[in-house]
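Student:
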Amino acid sequence: MDTLQTPNPVELDETRLFGTVPEALADENDPSLALRLPLLQSKLSLRSSSPEDNDKSSGIGSTVSSIATADNNAIQETGDKMNANGDLFVPARSPPTEEEGDGGTPTKSIQTVVIDIENGEVNKKSDEMSYADVVQQLHTTFSSGKTRNVEFREQQLKNLLRMYEENSAEMVNVLAADLRKHKQEAHVLEIDFLINDIRNTIFNFREWVKPEKPEKTMVNIMDGVYIYKDPYGVVLVIGAWNYPLQLTLVPVAAAIAAGNCVLIKPSEVAAATSKFIAETIPKYLDSECYRVVEGGAKETAEILRQKFDYVFYTGSGRVGRIIHQACNENLTPCTLELGGKSPCYIDSTADIPIATKRILWGKFINAGQTCIAPDYLLCSKQVQKQFLEEAGKILKEWYGNNPKDSPDLCRIINQQHFQRLSAMIKGANVAIGGETDSQEKYIAPTILVDVNSNDPVMQDEIFGPILPIINVDNAYDAIRFINSRSPALVMYIFTQDKKLQDLFIHGTRSGSMCLNDTIMQYAGKKLQAWYHSESIGDRSALLVVVSIETLPFGGVGPSGMGAYHGKYSFDTFVHRKSCLAKDFNPIGEKLASSRYPPYSDSKLSFLTTLLKKRQGLSMKFLPYVLMFGIGAATALIVSSIVKTVQQLHTAFATGKTRNVEFREKQLKNLLRMYEENHDKMARVLAQDLRKHKQEAYLMEIDYMINDLRSIIFNLRDWAKPEKPKKTFVNMMDEVKIYNDPYGVVLVIGAWNYPLQVTLVPVAAAMAAGNCVLIKPSEVAPATSKFIAETIPKYLDQECYRVIEGGVKETSEILKQKFDHVFYTGSGRVGKIIHQACSESLTPCTLELGGKSPCYLDSSADIPIATRRILWGKFVNVGQTCIAPDYVLCTKDVQNKFLQEATSVLKEWYGENPRQSPDLSRIINEQHFKRLSAMLQGANVAIGGETDANDKYIAPTIVVDAKDTDLVMQDEIFGPILPIVNVQNAYEAIQFINSRDKPLAMYLFSNNQADRELIISNTSCGGICVNDTMGHFAVESLPFGGVGPSGMGSYHGKYGFDTFTHKKSCLVKNFSPVGEKLAS
């Protein structure tokens, strides 16, 4: 009989990390029964999508509905339209009728659908379960812990591999039915790709799931430091029609490997393949964990109304924006694999015959319906002439005198897409091809010349067998043309001039690059070449599936968000949960006690010296914390904001900030600013928050200084291109991952630690090579003014600017185009930021908050634990996003805790805490009133005194707190600590999992089994064992939330990585031997 995971108190390993599979218990006395069944019931209520819950943001569909309201008239007039990629997708469902209800609970059922592409009709055969029921079932299954089990995942992956191997012939048939895809293309680009991808995943799976053990500092040398690979929960994968098996099932396999439940939505445009997936998946995979739903645009909109923990979408940018906006409601992280106009440059130094073959293959495979196909060609007139001569011969060799009769050419997916492509040819100067047949949806391989940037063929991604050529005089003209357009998903460069290769790599932006070949950076997943011999027609072919699974694949800006392939796929579907595990060693507590009140110069000197001894190393001892406030607006001219942002874009375009020496100098200038102005910084913090000098130095000033020293020390290593492992096939090629700066970054700071949470991400963005617009919080006006006045004295004003202001100014700033946005603050404002980023698909990092639980049991050293909990709670008077929000413990432990807390608070703050100089004040009257309301009717055991005039609230502990009490509804963010009584760790897990995923979690226990039980069966941003906020102090651990508590992470190298795009690059040569093999 399996039970909820109860690990043995031994060293962590991957097989025990995720637990076993719980089933119904026969023994009602089993203590875990108190957790499991009520836990599932609580999850059911949390995940429901009732009309009442709809007003509480229970699903991501309200955004979809709002889009429908805006676009409804247009939809009624035009009907469901195909986008550039042929997706049958309306922006959202129409507002519900009275018969349909108010939209809280979708009325649609799971359907097996047959799409009539020509008229957009959907014929449905209904099943008994609604979409809400299916998604709810998946949430319930995930809550049971079933998919966390490593053996279970591995078996499901093997079952999926068996499905591929046993059904390869049928897969060929459905691809031919949908796209008239030849057997060779079906195998090379889909079936064999899938098989090798999953073989690679199974081979590496056990290593990937192990907790990482990052580098430790001297301060943490005796502690446990881990990064757990936490599955998100229920993942939605929306597939695409152009490679309908590969683009759907590759991310599905990765999500399974990561431990998630998955809802699979194949593209209805590839109807035969969709039906195959829907009918075959249930025969091989556990239907409690992995479900398939079919349908069109309206069905997809209904699905998006449900609550997911992650969404993975492949398709067009227009629909990508809809997906991104739908994810805004619950701040659901998403990966968007989109497209764009991928340029291809060729010069006279290239081997023209070989280059022409490689370009034409990348363009015309799958009839050009490939998101990474070369979209247009840039070359000189002389090269164009040579290219056309070679192209004519090659196309005849490949497809014969009449390409229409060739069995090797796919067809256009549907009439809408055919008509769109045909319109691009009309009036164009056709050099090769141009023939069309509407009935067969056939367009010949076509090359256009004398094309200019205003022609219809140059407006949107072509996604078809049409290759326009634009003439440029040289590489510099080509780069100017490329940089005048949105960043592409991929860029192809054909030249043997090494200087020009570097010029394109460092002077342009794209998702990835491939030099002297096309498509091959995406070619496969296996670490070795894999050979597949089969009979094709009357000839035998040796198909070589090349693979570079060590390169990430993904777009940047409008071409996509996020990356996958190989381990990058696994990492996409896991949250990296940082964990610091400490003990109760008296010596360690003695050293750490310098952080506690009452503050003194000797304590400050000790801790400052501790930090300074470790300059240039990852030796940060104290945490930094986050929050944001938007307050009253000040006057700022809108045109000034527009001009400032434009100046930053202009500065970035010059390449100034890409220079590592320039970055290093600017970072040293910023360090000098800290060192020369530290006394003034302490004064403005005291002015804004009445923050004591010791808190100001330890948690802001010294932290910033040491963070910046570490960045400067490591910068040159971080900035170097990574050199991933190469395959045997690519042994003679160059394979690199470049750390590409995004461009212009917006950093919106917070008021609670107004220097640190503003300037730490600014330093990381600078180190990554970006230009930065800094928006400090106006709620801390003295600090905001200091930043605005001081930054220009030390940093280059062309590249780094500060704008002050309130809500109105921030709103205007958010209307501008940025390449990355970093925000620290509340979830409410976080949704506004996320929504603003949807319009241009701007990636954003959201460092938010939530109700961080603290579990305390009788095995802990109660006196030491009490000190650590109270310090984490009452430093900065609780205005810390990772402060313990509430304590979970038994009544007996509560009594001991209260006894210790009384003496500790008296020791720290004296008989009258209000007179203590070590207690900060509440930031403003509004926040004070909100906190005071939480105390009304509460059972106050310690503290409770308030003074509105002084904005003072005493350190307060509340007992007998109930889940329905006001103090338990939202993040407290103040000096109030409620205690909720539980009987054991199982009840604590049940309580934690019934609420939103928190930013942090604290466990105080010497029971190793209980600690691992809680760590492995809960989700949160990060965990600290036997201390509070200590995980923040470890630079090698990522910091960030999950779900409503945040999106993305930073700290140390993770901060640098947050502000860079990992641009994969494959550089091939024109070796005749290599070309012979590739042909």
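For this note's numbering, count along the sequence shown from 1 and bump the result up by 406. Built from N, CA and C at the ideal position, the CB exists for glycine as well.
What is the DSSP secondary structure of Phe682, counted as helix, strand or coil?
Tutor: Phe682 falls in the helix class under three-state DSSP.
Student: What does the alpha-carbon distance come out to for the pair Gly1427 and Gln1305?
Tutor: If you take the alpha carbons of Gly1427 and Gln1305, they lie about 31 Å apart.
Student: Which same chain residues, not among the five before or five after Glu1140, have their C-beta less than 7 Å away from its C-beta?
Tutor: Excluding positions up to five away in sequence, the list reads Val1473.
Student: Going by DSSP, which residues form a beta bridge with Gly966?
Tutor: According to DSSP, which records beta bridges pairwise, Gly966 is partnered with Glu743.
Student: Excluding sequence positions up to five away, which residues of its chain have a Cβ less than 7 Å from the Cβ of Val1310?
Tutor: Only Thr1272, Arg1273, Leu1276 meet the Cβ criterion.
Student: Count the other C-beta atoms from every protein chain shown that fall within 10 angstroms of the C-beta of Ile1332, then say buried if there are 16 or more, exposed otherwise.
Tutor: The amino acid at residue 1332 is misidentified as Ile; the sequence shows Gln. Exposed, because fewer than 16 other Cβ atoms sit within 10 Å of the Cβ of Gln1332.
Student: Which term fits Ala1307, buried or exposed, when burial requires 16 or more other beta carbons within 10 angstroms of its beta carbon?
Tutor: With 16 or more other Cβ atoms within 10 Å, it is buried.
Student: How many Å lie between Leu710 and Met535 at the Cα?
Tutor: Each residue's alpha carbon lies about 16 Å from the other.
Student: Just to confirm before moving on: does the CB-CB distance between Gln792 and Gln1241 stay below 9 Å?
Tutor: No, the Cβ-Cβ distance between Gln792 and Gln1241 is not below 9 Å.
Student: How long is the line joining the alpha carbons of Leu563 and Glu1218, rounded to whole angstroms?
Tutor: Straight-line Cα distance between these residues: approximately 49 Å.
Student: Take Asp433 and list the residues in its own chain whose beta-carbon comes closer than 6 Å to its own, dropping the five residues that flank it on each side.
Tutor: Confidence at Asp433 is low in this model, with a pLDDT of 38, below 50, so its placement is unreliable and no value can be given for it.
Student: Would you mind sorting Asn1330 into buried or exposed? The rule is 16 or more other CB atoms within 10 Å of its CB.
Tutor: Classification of Asn1330: exposed, given that the 10 Å Cβ count is below 16.
Student: Beta carbon of Leu986, beta carbon of Gly1436: below 9 Å?
Tutor: Contact: yes.
Student: Which residues in the same chain have their Cβ closer than 6 Å to the Cβ of Leu595, if we skip the five residues on either side of it in sequence?
Tutor: Hits under 6 Å: none found.
Student: Would you please state the rounded distance, in angstroms, between the beta carbons of Ile597 and Tyr570? I believe it to be under 8 Å.
Tutor: Correct: roughly 7 Å between the Cβ atoms.
Student: Indicate whether Leu1405 and Gly1461 have their beta-carbon atoms separated by less than 9 Å.
Tutor: Not closer than 9 Å, so no.
Student: According to the Cβ coordinates, are Leu1010 and Lys1099 closer than 9 Å?
Tutor: Their beta carbons are under 9 Å apart, which means Leu1010 touches Lys1099 by this criterion.
Student: Any C-beta of chain D sitting closer than 9 Å to the C-beta of Lys769?
Tutor: Here chain D cannot be found, since the structure has a single protein chain.
Student: Who are the near neighbours of Leu1325 in its chain, counting only those whose CB is closer than 7 Å to its CB and skipping five residues on each side?
Tutor: Cβ neighbours of Leu1325 beyond the five flanking positions: Val1283, Tyr1315, Pro1319.
Student: Quick one: give me the first and last residue of the alpha helix (DSSP H) that Gln1278 is part of.
Tutor: It should be pointed out that residue 1278 corresponds to Gly in this sequence rather than to Gln. Per DSSP, Gly1278 belongs to the alpha helix (DSSP H) from 1268-1280.
Student: What did DSSP end up calling Ser1422 once you bin it into helix, strand or coil?
Tutor: Three-state DSSP puts Ser1422 in a helix.
Student: Give the single residue among Leu669, Cys740, Val656, Ile1382 whose Cα lies nearest to the Cα of His981.
Tutor: Considering only alpha carbons, the answer is Cys740.
Student: Decide if Ser1116 is buried, meaning its Cβ has at least 16 other Cβ atoms within 10 Å, or exposed.
Tutor: Burial call: buried.
Student: Assuming contact is defined by CB atoms lying nearer than 9 Å, are Pro672 and Val631 in contact in what I supplied?
Tutor: Their beta carbons are not under 9 Å apart, which means Pro672 does not touch Val631 by this criterion.
Student: For Asn1399 and Leu1294, what's the separation of their Cα atoms in angstroms?
Tutor: Those two C-alpha atoms are separated by around 13 Å.
Student: Ala894 bridges to which residues according to DSSP?
Tutor: DSSP output for Ala894 lists Ser916 as bridge partner(s).
Student: Answer with buried or exposed for Met1138, where buried requires no fewer than 16 other C-beta atoms within 10 angstroms of its C-beta.
Tutor: Flag for Met1138 reads exposed.
Student: Identify every run of the beta strand (DSSP E) within the segment 1178-1244, keeping only runs that are complete inside it and at least 3 residues long; order them along the chain.
Tutor: You should have 1206-1208, 1226-1230.
Student: Do Ala1156 and Arg1069 have their C-beta atoms closer together than 9 Å?
Tutor: No. Outside cutoff.
Student: Give the straight-line distance between the Cα atoms of Val556 and Leu1419, rounded to the nearest whole angstrom.
Tutor: Near 15 Å, if we compare the C-alpha coordinates of Leu1419 and Val556.
Student: Considering only residues of the same chain and omitting the five flanking positions on each side of Asp1146, which have a CB-CB separation below 7 Å?
Tutor: Cβ neighbours of Asp1146 beyond the five flanking positions: Arg915, Thr1466, His1467, Lys1469.
Student: Leu1104 to Tyr1005, Cα distance in whole Å?
Tutor: Cα-Cα distance, rounded: 11 Å.
Student: Enumerate in chain order the residues of its own chain whose CB-to-CB distance from Leu984 is below 6 Å, with the five nearest sequence positions on each side excluded.
Tutor: One point to set straight first is that residue 984 is Ser, not Leu, in the sequence displayed. Excluding sequence neighbours, Ser984 sits near Ile633, Gly1428, His1437, Leu1443, Pro1444.
Student: Roughly how many whole angstroms lie between the Cα atoms of Arg1401 and Val1051?
Tutor: Cα-Cα distance, rounded: 40 Å.
Student: Excluding the five sequence neighbours on either side, which residues of its own chain have a C-beta within less than 6 Å of the C-beta of Glu694, listed in chain order?
Tutor: Correct list, in chain order: Thr547.
Student: I need the straight-line Cα distance from Glu995 to Lys988, nearest angstrom please.
Tutor: Each residue's Cα considered, the two are about 10 Å apart.
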